[in-house]
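Participant: Numbering (the UniProt record's numbering), first residue to last: 1 to 214. Cβ atoms here follow ideal geometry from the backbone N, Cα and C, with glycine treated the same way. Everything numeric in this text was worked out from a predicted model, so none of it was measured. Following this message is one structure expressed as structure tokens.
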Amino acid sequence: MNGGNHFASGPLTPAEVAFLCEAQSITIIPRQRLDGLDLIGGYIPPFHPPQRTTIPLWLALLLKRQRRCNIVPPPWLSAPNIERILKIETENQNLFCPDLPYRWLETAELLLEACPDDLGGDDGELRVLLRGLREVRQGKVREGLGKLEATYLQMNNLGLLEITEVRGFAKSVVDGLRKIGASREEARRNREEEEEEEGRYRGGTSLGMDDDDF
1 MNGGNHFASG PLTPAEVAFL CEAQSITIIP RQRLDGLDLI GGYIPPFHPP QRTTIPLWLA
61 LLLKRQRRCN IVPPPWLSAP NIERILKIET ENQNLFCPDL PYRWLETAEL LLEACPDDLG
121 GDDGELRVLL RGLREVRQGK VREGLGKLEA TYLQMNNLGL LEITEVRGFA KSVVDGLRKI
181 GASREEARRN REEEEEEEGR YRGGTSLGMD DDDF
């Protein structure tokens, strides 16, 4: 997956990735009535429990800390679903499962920290599965780095935080491959020049012969 414009001004840090993640929307169940809010990102309508509503994640985390809402986890963030994705990842060494959203890792970390009680009571199992999924995907990335070409690194279906974590190491690997490629190209040119020079030398020796040589 291409990181797009996120890297236009340089690599992001994990803290910056988490900050960007909090701008996404998530569903909550209000625990009390609240008036509407005028925010820079738009208007938040009044809360009427138990009617669900969608708000920015940063606001949901704030209200959760204040015990004023419950957070509805996204459908993909459940133990059965992560177990299914982990199975796909394990059985397909050349595939990164497309069923995970771009910000899956940082979203999972934020929600596990802020609202484990809203994750269906399986947060312990979920943590283990997410750790296993992360390790499997990291292993595939490392293996892929050993096979990548010097001009291109395929990152289809990697998440933003995964790309951020691997970016520095991948750059060093690519730089190393480019140096090796440049050295090989220089050696090839030198060999061709030597062969060309040798050809001219042989041709000159032959042309320099006269009748007395026979």
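1) What's the gap between the Cα of residue 18 and the Cα of residue 191?
2) Contact check, residue 50 vs residue 35 under 8 Å by CB: the rounded distance?
3) Rounded to the nearest angstrom, what separates residue 164 and residue 89 at their Cα positions?
4) Within 10 angstroms of the Cβ of residue 215, are there 16 or more other Cβ atoms? Answer buried if so, exposed if not.
5) Between 121, 78, 118, which lies nearest to residue 104 when the distance is taken from Cα to Cα?
6) Could you spell out where the beta strand (DSSP E) holding residue 38 opens and where it closes?
7) Just the C-alpha distance for residue 188 and residue 85, rounded to the nearest angstrom, thanks.
8) Answer with buried or exposed for residue 54, where buried requires no fewer than 16 other C-beta atoms within 10 angstroms of its C-beta.
9) With DSSP as the reference, please indicate the residues paired to residue 98 in a beta bridge.
10) Using 8 Å as the cut-off, can you tell me whether the region 58–68 makes contact with the region 122–140, which would need three or more C-beta pairs spanning the two stretches below that distance?
11) Among the candidates 28, 160, 22, whose CA atom is the shortest distance from the CA of residue 41?
12) Kindly indicate the opening and closing residues of the alpha helix (DSSP H) around residue 80.
13) Report all residues from its chain with a CB closer than 6 Å to the CB of residue 57; omit the five preceding and five following residues, and keep chain order.
14) Quick one: measure Cβ to Cβ for residue 82 and residue 126, integer angstroms, because I've assumed they're closer than 8 Å.
15) Buried or exposed for residue 11, please, with buried defined as at least 16 other CB atoms from any protein chain shown within 10 angstroms of its CB.
16) Express the C-alpha separation of residue 162 and residue 138 in angstroms, rounding to a whole number.
17) Just to confirm, is the Cβ distance from residue 144 to residue 102 under 8 Å?
18) Using a 10 Å radius around the Cβ and a threshold of 16 neighbouring Cβ atoms, would you call residue 131 buried or exposed?
19) Using the rule of at least 16 other Cβ atoms within 10 Å of the residue's Cβ for burial, across every protein chain shown, is residue 15 buried or exposed?
Facilitator: By the coordinates alone:
1) In this structure, the alpha-carbon of residue 18 lies about 52 Å from that of residue 191.
2) Their Cβ separation, rounded to whole angstroms, is 18 Å, which puts residue 50 and residue 35 out of contact at 8 Å.
3) Each residue's Cα considered, the two are about 20 Å apart.
4) Any answer about residue 215 is impossible in this case: the structure gives the chain only from 1 up to 214.
5) Among 121, 78, 118, the Cα nearest to that of residue 104 is on 78.
6) 37–39
7) Residue 188 and residue 85: Cα-Cα distance of roughly 46 Å.
8) Per the 10 Å Cβ criterion, exposed.
9) None; residue 98 has no bridge partner.
10) no
11) 22
12) 79–91
13) 22, 24, 26
14) 6 Å
15) By the neighbour-count rule (16 or more Cβ atoms within 10 Å), residue 11 is not buried but exposed.
16) 8 Å
17) No; because the gap between Cβ atoms is not below 8 Å, this pair is not in contact.
18) exposed
19) exposed
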